[in-house]
Structures are given as C-alpha cells and as structure tokens.
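So the sequence lines, in the order shown, correspond to chains A and B.
The numbering of the first sequence is my numbering, which starts it at 25 and goes up by one.
The numbering of the second sequence is my numbering, which starts it at 19 and goes up by one.
The C-beta atom is built at its ideal place from N, Cα and C for all residues, glycine as well.
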Amino acid sequence: MISEASSFTPQTIASPLTQLLWLIPALPIAASGIIALLKQPRRKLASTLAIGSLSISLLLSLWAFAHVLAGWANHLAVRETYNFTWIQVGSAYVDLGWILDPLAAVMLVMVSLVGLLIFIYSVGYMAHDENYTRFFCFLSLFAGAMLGVVISNSILLLFMNWELVGLTSYLLIGFWYAKPTAAAAAKKAFITTRFGDVFFFLGMVWLFAQTGTLLFYNYGAGSLEGLALNNLLAQHAAFGITVAGAIGLLIFCGAAGKSGQLPLHVWLPDAMEGPTPVSALIHAATMVAAGVYLIARVYPLMSAGMPLIGHPGVTALNGALAVVTWVGALTAVFAALIAIAQNDIKRILAYSTVSQLGYMMAGLGLGGVAVGMFHLITHAFFKALLFLGAGSVIHGCCDQQDIRRMGGLRADMPLTFATYAIGMLALCGFPLVFSGFWSKDGILEAAHSGAIQGPYYLLVFGALLTAFYMMRQVSYVFFGYWRGHHPAHESPRVMTMPMAVLAFFAIALGVIGTPAWPWFRSFLNGQPAHFDFHGFAEPGLLSLMVMSSFVVLFGLWLGWKIYGNKSPSPEEPDALEKAAPALWCGLRDRLYVDEFYGITVIAFYYWWARVTDFFDRRVWGGVVAAVAWLFQLWARFNNFFDDSWINGGFDKSCEEFSTGGGLLSRVENGRVQIYLRILAAGMVVLVAILFWMVRP
Amino acid sequence: MNPISPETLTTGFGLLTLITFLPLAGAAMALFSGKHARGVALITAFACLALSLVIWIHLPADGSMGLTERVPWAPSLGIEYHLGVDALGALMVVLSAIVTLMSVDAANRVHHSPNLYFALVLMLESGLFGTFTALNFYHWFIFWELSLIPAFFLIKLWGGPRRGPAATQFFVYTMAASVALLICFLAVFLSTGSMDFIQLAAMCQSGALENAVTAHLGHVMIWLAIGVLAGFAVKVPMIPFHTWLPATYSEAPSPVTMLLTGAMSKMGVYGLLRIALPLFGPQIYQMRTELLILAVATVVLGAWAAAAQKDLKRIFAYSSVNHLGYCLLGIFALAIPTSGAAQTSQAAALNGVIFQMFSHGITAGALFWFVSILQFRSGGVRGIDNFGGLRKPAPVLAGLMGIALFSSLGLPGLNGFVGEFLIFRGVFPLSWVAATVSVLGLLVTAAVLLTVIQKVFNGPVPAHCANFPDLHHSERMALAPVLILMLVLGLVPQLIVNTVNPTAMNLLAHWRF
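Set out below in structure tokens:
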C-alpha cells in the first residue's frame, strides 16, 4: 500500500550492467537502421535481424530484472542510474540518463517479451506483404524507442523516445499508405497525440526551469527527489494546485493523448487501420500503456497529497491524482459503452483497450503505482493475445473484420478459439483463475476504500459492460454458424505459438498479485513479500471479490443470453438495436465525439486558416498597397526635390509594389536596366546625403 | 569624432577578408566560363565551406570576437574596415556556405545564361559573408545591400511566371527597410561620431548612447529603435512585415528560395542580435510586450497561414515564417526583466535562437530543394493536390523528404527539436503566456506538414504519377550529407552548442535592457 514506507535500504551505486542498459533500446534501433539500408528483397535477413536484436534485448532485460530481483532479495531498494550531460546552456546542464529500478525492470521484460512474441507472429502474418522489410524496419525502431521510454531517467530523453514512438506509430498505422483511410488515421493519431504532447512539452520545460534538472533521480539532486520535489510542493501555481501538481497535470495531458484517455481517445480506434500485429504491440500492449507508465514514473509529482514511499514528510494536497482518477474512470465506462455497439472485431478490442487504460489510470490515481502497473502488465499480455487472436481470425477469414460475417469458428480454428477464450476471460476478470481478475480487483479494492465512491461505481459498471461486450464478440465470432463465403482455416504455427505463450501468461501472472501473496506490489514498492492467507482477511475484501465476481458472471450471462448461438444474418439489426434503437445508434456512431470535433476544433482550424490567409492577402497586403500609394503621392508632391527620372523610377516601383501585393497579374519584363539605374542612383544619393550631413 | 588609437588596430590573419572576397573572385570567373559556370561555382562554394569551417575551428574559446581585422578607412567619418566573428557570426558564415553549396548543387538545370546566374549566386554569398563578419555599420551596410542586388536579379531573370511583381515587391520592400536602417544609423552617427558596433554597444551599456542621441536630436531614441527593428523585421520577416515573402519565395527559382530562406532570412535575426539588442536594449525593453505579441503572432499565424495554402512553396514559405517566429520569440523574451536565477533561462533562449537559425537554414533549404525536385519531375506544377501516392513509385524520395519534413516539424532526434526545446525552455519561465500560446504553432505546423505527406506521398497513385521517377543516384548522394547533418545535429547538438554557449553568455553579459 502506498501508505507504507519502504523498509528497504536504498542502493544506488550504478553497476556495470546499468552502464550497459542503453544497449537494450540501441540494439533494435541499430537493427532498424541496417534494415532501412537493405535492398527490398532481403526479407529473411530483415526479420532475422529484427528478431535477433530484440531477443538479445530480452536477454539483457531479463538480466537487468534478475539484478534488481537479487537486490530486492537482499533487502535493497535498487535504483541505479547512469547520467551524463548532453549539452550545457549557460550554467544549466541538459542531462540525459537511464535508470534501473523495479518499475523499469518490470516494463523492460514485458515490452521485450511481448514484442518478441509479436515479432515472431508477424513473420507469419506479414508473410505475403510486399513491404515486409519496411515493416520490420519500423517495428524494430518502435521496439527500440519504446524500450528507450522505459529506461529513461531524464524527462527529456523520455520525451524524445516518446515522440519517436509516436512517429513509428504514425508510420505503422499508415503502413498500407495507399489506403486513404489508413493515411488519414495515421495523421489523426499523430496530431491527436501531439496535442497532448505539447502540454507535456510545456510541463517538461517548466519542470526543468523550476528544478534546474531534467533528471528524475540523481543521488538526491533529481527533480523527483528531496529538495527539488519539496520546493515544487511548497509553491502554489493556481486554483490551489501546487506547482508539482500543475506540472503533473501538464504531463498527464501527454499521457492522456498517448493512452487514449477522454477526450483524446478518438485516434486509437482509427489506429486499427494498421496491420494487426501493430495493433497488438503498439496500440494494445506497449505504446498506449506508455502514458500509464509515464504517470507511474512521475508519480511523486502527482501524488503530492499523500504520504509517499520515501517522502514521508510530504503532505500538501493537490488535485492532480483526483483528475487522473476521474478521467480514468470516465474513460473506462465511456469506451466500454461504445464497444458494445461495434461490429469490427478490432474496433471492439480498440475500445476495450481505451477502457482498460482508463482502469489503469484510475488504479494509479486511487491505489498507487503498483496497482496501476499490475493491471498494465496483465493487460499487456491478455490484450496482445486478443489482438493476435483477432489477427488470426482475420487471417483465417480472408481479411474479413466484420464479426457479423463470422461465426462458428471454434470448430475451424480450435487453437485460436482456446487462446482467445483465455484472453477474453482474463479481460473480463473471470474469478480466481485469470490474471485480469486479480489486477482489476486491486483497482476496485482501491476505489472502494477511496474517499469518494463515484469512481468505484463507474468502474464496477465498466466491469459489467466489459464482460458483456466480450461475450457478444465471442458469440458472434466463435459460436453459431459460419456466415462468410470462403471456409475459414487455422493459422500457421508461427502465429499460434506466440498466442499460446501469451495465453500462459494471461493465466499465470495472476499468481504474483493475489492478496495472499502480493509479490508484484511488494517488489515495486521495495518491501518484503510474504505468503500469507490472511491477506484475504482485510475487512471488506472478500465481499468485494464476491461482488465483482458476481458482476462479471452476470455480464457474461447477459451477453450469452442475448447473443449466444444466435448467429443473426449480417443484415439483421442487432438484438439491442431492436430494443433501444436510439441508444444503439448513438453507441454505434461512437457517441458522436468525432462529429463533435469535426464541427468545433477541425472547423475552427480551417476557418482560422482561411481568416489568416484573408488577412494576409487583403488586409496586410492592402496596407502595403496603401503605403505604396501614399509614397507615390508624396513622390509626386515633392517633384522638385529630386531629379525627375529618379522620381519617375520610384513611382514606377511604387506602382508595381502596390500591385505586387497580391492583386496584379500583369507581367513586367526586361526593365532590368532601369532598376539597376535606380539602384545606382539611390546609392549615389545616399552617399551624397551622408557626406552632406557629416560635413564639418 | 573618436580617434582610433593605433594600438587598437589589429590586422588578423585575414581569413575573413579572404572568405568575403573569394566568392567575388569566383563570380568573376564564373561570368567568363560559359557552360562551366556551375563547376566554377561548385568549386568556389566548396572552398568557401572549407574556409568557413577553418574559421569555426579558430574561434576563441571564451566566446569573444575573434579573427578580427581592423584597418582605418575613412577615420574622419568613423568608417573603419573592421571585421570579426564570434560563434554567432561564424555559425552564420558556415550556414551561408552550406546553403550556397546546396543551392548551387540544386541548380543543375539553369539553361538561360548560367554564367550570369552562378556569378550572381556567388555575389550573394559574398554579401552574406560580408554581412555576418562586418563590425562597422558602413561596411556592414554595403554588404547588406550587396546581397540584395543579386537576389533581385536572380528572381527577376530566372523566376516563375509572376517574377516581375514579386521581384519588385521584394526589392522595394527590403530597400525601404534598408533606408530605415540607414537613416537611424546616420542619426546615431551624427550623435556619437561612431559607426562601430562594439563601441556603440559599450556606449549603450553605459547609457552614453541614449544621452548623446538625446542631446543632439531630442527624444528620438525610441523612434530610432523602431526604425532599426522594422528594418530587421522585414528581413526575418516578422508579421505584419511579411507580405513580400510568400510571393517572393514562390516566384523565385527554388535554388534561390533556398538561399533566401536558408541564409538571407538569418540576416534579419542576426541583425537583431548583433545590432538591435546591443544598441537599443532599453528601448526594446520598453516595447517588449508589443514585440512579444508580434513574435507570438508570427509563430501562430505563420503556421496557420500555411494551412490555407495549396502551393507547396507557399506552404513552406509560411512554415519558414513560423520557424523564424520562434527565433523572434526567444529574442524578445530576453528583454523581460528577471532576477539573477533566470539568467539560465535567457542563456537557454539565446542558445536556442542561434541553434534554430542554423537548423532552420538547413531544413528549409532542404525542403525547397525537394520542391524543386518534385516540380521538375511533375513538369512544373507543385500544388499539394497535383501529386498523390508518390511513396509507391518514388520510395526513396518519399523517405528522404519525409526526414526533412519531420525535421521541420520538430521531431526529437532531428535538428529542429533542439532549437525549439531550448527556446521554449528559455521563454516559458520568462513569459509562460507567450510560450503557451506559441505551442499552438508546434501543433499547427505538425498538422500542415503531415497534410503535405498525406496528400503528396500517401493515398492511391493517380495515373499521371504512376511512373514518377525516383531520386537518381547523384541526387541521393547530394542530399545525403544534408540529411545526415540533420540527424547528427539532432543527436549531437554539442557540435554547435558547445561553441555557441560561451558566445551566448558573452552577448548576454554585454546587453543592457
């Protein structure tokens, strides 16, 4: 729990391993660079390079994890950093650096493991694509940048990797660039996330300006430790928020953009235009979770209201975490509602991802780093599994994505069905057996013990919706009868094996997060973990578990009752549509958020562009023309002042000048000599004036 | 008149004189070498680049003026031949050399009197070098004007269909700015008897400049400051003095546009740093709010005006306005009064401004180069809607231009980000409102440039683009160094900042607001 102080002694001496930590992101990036310089046909080499480099990264990550684990076993709170100065401006240092602590170690292993499985899967999924090498080039670059985000100890380095991750996301969403929808979705994703990122950018420069350092941890001199943090907490920005809270909120804007939180969630469903392995890796397991990770990383800024691990003296209240909590909880329900009425297999999962990211954010806000991060890790595995399963289904159904045109696939694709079912039950939080149950329960428990009950009810309602829409999807896809044209076929082993591995983790990971053995929480918080069944005896915990189990089972039952084995024809309206057509249309059309942005933000963007252009051409151009005209008048009026040919030349210039301001289409040619003469005369006059003025 | 004591007369190594007159010699040779003019120009530009790097290496480590050359010229008029560079001037010399080389490299299809064309380009280069190295107004002004004349003829004789009005507007507009500068400096000279930038800056710092001007001419100092600022604002340009720019940039032949935006626009920013701030600090301090508003308007409206354009050259022209707006933002924020601790912010902003000047020169130059490549292949059209799906027939072109576009967009890891980061780092603590409004520029620029990628490179391939030729080997080899430079500067900005930082500190120490 966050109220417990760390009982471990801090250990900060950088080991040789930490100094080599940069290799983990550098290897995939180097592989990407080499692939980029390859000629197109070297397909085998491209995927081998990508998978090979990420495998080495995985091994290094495991080594790093083992190192942190060993320290933890020896009651050391490992937080090793390696920092260096990038540039110096004035007397300020722009520092970069990387960090190895439990949070980074856990993420490293997750990202490289899930990434590697998806890389292997992609070999099968992309086998027939003509741009196979380019795909692995971008994917490798993504993996490197994402691993870079994870190990950054400098908010600047984190931001740089963060943007690079956004770039690869852009490139991979638009991978099939010839499709206008893919190209538009890529642009939308980049701009929407950049909207959040500019606030993150401001938060970063503010943090740098206030603390004088970009490093998170630097032996007591980092921005998240000791003196700097206390200073941030002591100053008030506005509306009763401390500077720490205000910076935290700005950074949260960036996190909300990347993690698809309200109101910036609109890009994520569209991002499904990318190839399915991309959806699984970037838009489900890792990149979209980077926002959650970011908040976990800067948690000391956000949580300034609570007594923190390592910061027991900090008590000033700020509202940043309350904002995180509410945004998360609202997103969780909002996206889950929309997911009910979608018919594209990937879009359902996309909204589900948005919803689950909301859970993670709420978990961070209510229960602290460990609660949010545990859901992040379990979700990464089961959601990657679901996406790979969806990819397998799409592959097996000849690129069909409409769930109303599938059905009965449990017989045709037994392996896909089995693994998909595991992922789906984990996502719903099916009691006891699945990891999703424990991670979601941790969030609900934290919400229940919170001061305000609003988020708790929202999250419980979200759990019900989750079970319902997943049951609807599975019923459509795997039960009933086949409604497609070509018979479906099971995917090759190179695709199903990664899914089996992910399915294993979707179940097994639950073990490390039960109340009886909260290993994950203890590990992140730097406390010893004990196996103790009395963990369940915490007041209200068991009843909460029973209640949430009941909610999930009810959602599943309801979904099965309405959709199970029905297999309506694709043209037939949905069962819910018949019951509540207006509500259904609203949900199907994504509650009109895109339309709303279309008539507000985007309309303003184009309108203001036109206004600016009009001002440029007419108003400023008009002023220039008027000034030119006045000069012309003045020149005529002062005819006696200068030689007539200079005057005439100036008039001529002024005339062209005025018309050149955007109004004239007349073309003048061959008057070069005149200008040259004017120029020469002008110089002579100027020099003459000069001498006249300074005459003794 | 301030007599110049003999011991202050130093004749340096002569490198700066050499680099200023080398292009003129090249121009003379190019004029008489007919078809081989481009070769002569290339060799000259290479030699200048090498020389400029020698200058860069030989800068004094403490950030002060180095390589000074000082010879009396017309002492009774306060005119001296006084040259010198610190990291700011030297960086601009290097930039001018690079951009000129890029421009000559890009101008491989000049059919009509190439000898004159390349002679003018080299003259322009000489004007740039002279402007960035002169420390006496008289001498500086000659080169300032000297760069204008070749630019005018290059637009007038080799420009697009509406080159006539564009060239005239460009010339008269910038000439008006020059006249403003000249008048203001005559006033200063009449009051102080000096045209030496360093001397005048010292007088400004001690308050003697304002006293002298007020004693001779009354309370006109503020008007002199406005005149000088307006003179530079036209060149940068700053909204609302920018209306000449879109027409000029789009009508000039693309290699000339590269010079205009890559190097000549920096003359304005350089003038602000070298002349306006050191001499008119107190007046800029008085007008700081208005100037900041104009800078923010330049950032935001520049980006937004780009969103309304259909012509690729006009898009990049407005995008240049936006990028130079960040420089203006950083410069005018320097005048905001601060306590001692915020010196760091000013150092960051000034470093950022200087880095951004260099980085924008490279990136904008590259973008106009790509436009010229596109335009040549499309048979002359360059509207954003005239292309489509070019990634398929021309993947290398798409990839390389994509890098340049993302550099312009400010993607970390490429050069554009470093300058913007440092400028915002500096400006935010000084004026958080200005910084916050200006991030709109970052956002809108991204939207504009991604729209370019979307419309030009993505989507289905229209029939007339199906056989769009990709970059030739020679074009790839020519562009590669520029793109590598973008990447290197994005990852190793120390290459510039380590040298610029002492100069920035030195400049800040000598300014008084």
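query, result
"Beta carbon proximity, A:SER71 to chain B, threshold 8 Å", "no"
"Any C-beta of chain A under 8 Å from that of B:VAL206", "no"
"Pick from B:MET276, B:CYS222, B:THR517, B:LEU423 that is closest to B:PHE531, judged by C-alpha positions", "B:CYS222"
"Neighbour list for B:ARG494 in chain A, Cβ cutoff strictly below 8 Å", "Result: empty, since nearest Cβ-Cβ is about 12 Å, beyond 8 Å."
"CB contact below 8 Å: B:SER532 versus chain A", "Since the first residue shown for chain B is 19 and the last is 531, residue 532 of chain B is missing from the structure and cannot be characterised."
"A:ASP119: first and last residue of the uninterrupted alpha helix (DSSP H) it sits in", "Unbroken run through A:ASP119 is the beta strand (DSSP E), 116-124; no alpha helix (DSSP H)."
"C-alpha distance - B:LEU432 paired with A:GLN424, whole-angstrom precision", "40 Å"
"Cβ shell of B:ARG109 (< 7 Å), same chain only, five flanking positions each side left out", "In the sequence as displayed, the identity of residue 109 of chain B is Leu instead of Arg. Excluding residues within five positions, the ones whose Cβ falls inside 7 Å are ILE372, PHE376, ILE514, VAL518."
"Same chain only: Cβ atoms within 7 Å of B:SER390, ignoring 5 sequence neighbours per side", "ALA124, SER272, PRO273"
"Chain B within 8 Å of A:LYS115, Cβ atoms only", "Note that residue 115 of chain A corresponds to Ser in the displayed sequence, not to Lys. For A:SER115, the answer is yes, since a Cβ of chain B falls inside 8 Å of its Cβ."
"B:ALA45, buried or exposed, once every other Cβ within 10 Å from all chains shown has been counted against 16", "buried"
"Through-space distance from B:ASN516 to B:LEU27, alpha-carbon basis", "Note that B:LEU27 scores a pLDDT of 45, beneath 50, so its modelled location is shaky; the value from the coordinates is reported in the next line. Each residue's alpha carbon lies about 30 Å from the other."
"Buried versus exposed call for B:CYS483 [16 or more other C-beta atoms within 10 Å across all chains shown]", "buried"
"8 Å contact criterion, which A:VAL417 and A:VAL501 should meet: CB distance rounded", "6 Å"
"Span separating the alpha-carbon of A:ALA374 from that of A:LEU292", "7 Å"
"Every unbroken alpha helix (DSSP H) inside the stretch 520-605 of chain A [4 residues or more]", "543-549, 565-587, 599-603"
"Alpha helix (DSSP H) segment containing A:TYR383, residue limits", "369-391"
"B:LEU505 versus B:THR381, B:LEU227, B:LEU392, residue with shortest Cα-Cα distance", "B:THR381"
"Chain-ordered chain A contacts of B:ALA453 [CB-CB under 8 Å]", "LEU226, VAL229"
"Top-ranked residue by Cα proximity to B:LEU468, from A:PHE454, A:TYR194, A:MET150", "A:TYR194"
"Per-residue burial, B:ASP403 [other beta carbons within 10 Å of its own, 16 or more giving buried]", "exposed"
"Three CB pairs or more closer than 8 Å across the stretch 236-252 of chain A and the stretch 495-505 of chain B", "no"
"Range covered by the beta strand (DSSP E) that runs through B:LEU101", "97-103"
"Per-residue burial, B:SER426 [other beta carbons within 10 Å of its own, 16 or more giving buried]", "buried"
"Assigned secondary structure, B:GLY84 (DSSP; H/G/I helix, E/B strand, else coil)", "strand"
"Alpha-carbon to alpha-carbon, A:GLU469 and A:PRO563", "11 Å"
"Reduced DSSP category for A:TRP200 - H, G, I as helix; E, B as strand; rest coil", "coil"
"Local conformation of A:GLY686 per DSSP, three classes", "Residue confidence for A:GLY686 is low, a pLDDT of 43 falling below 50, so the modelled location carries little weight; the figure read from the coordinates is stated next. A:GLY686 falls in the coil class under three-state DSSP."
"Buried versus exposed call for A:ASN98 [16 or more other C-beta atoms within 10 Å across all chains shown]", "exposed"
"Residue of A:ILE58, A:PHE544, A:LEU140, A:THR538 minimising C-alpha distance to A:PHE560", "A:THR538"
"B:ASN340, buried or exposed, once every other Cβ within 10 Å from all chains shown has been counted against 16", "buried"
"Segment limits, beta strand (DSSP E) that includes A:VAL102", "100-102"
"Cα-Cα separation between A:LEU163 and A:LEU196, rounded to whole angstroms", "8 Å"
"Which listed residue (B:GLY428, B:GLU493, B:TRP529) has its alpha carbon closest to that of B:LEU507", "B:GLY428"
"A:CYS422, buried or exposed, once every other Cβ within 10 Å from all chains shown has been counted against 16", "exposed"
"Which of helix, strand or coil DSSP assigns to B:PRO90", "strand"
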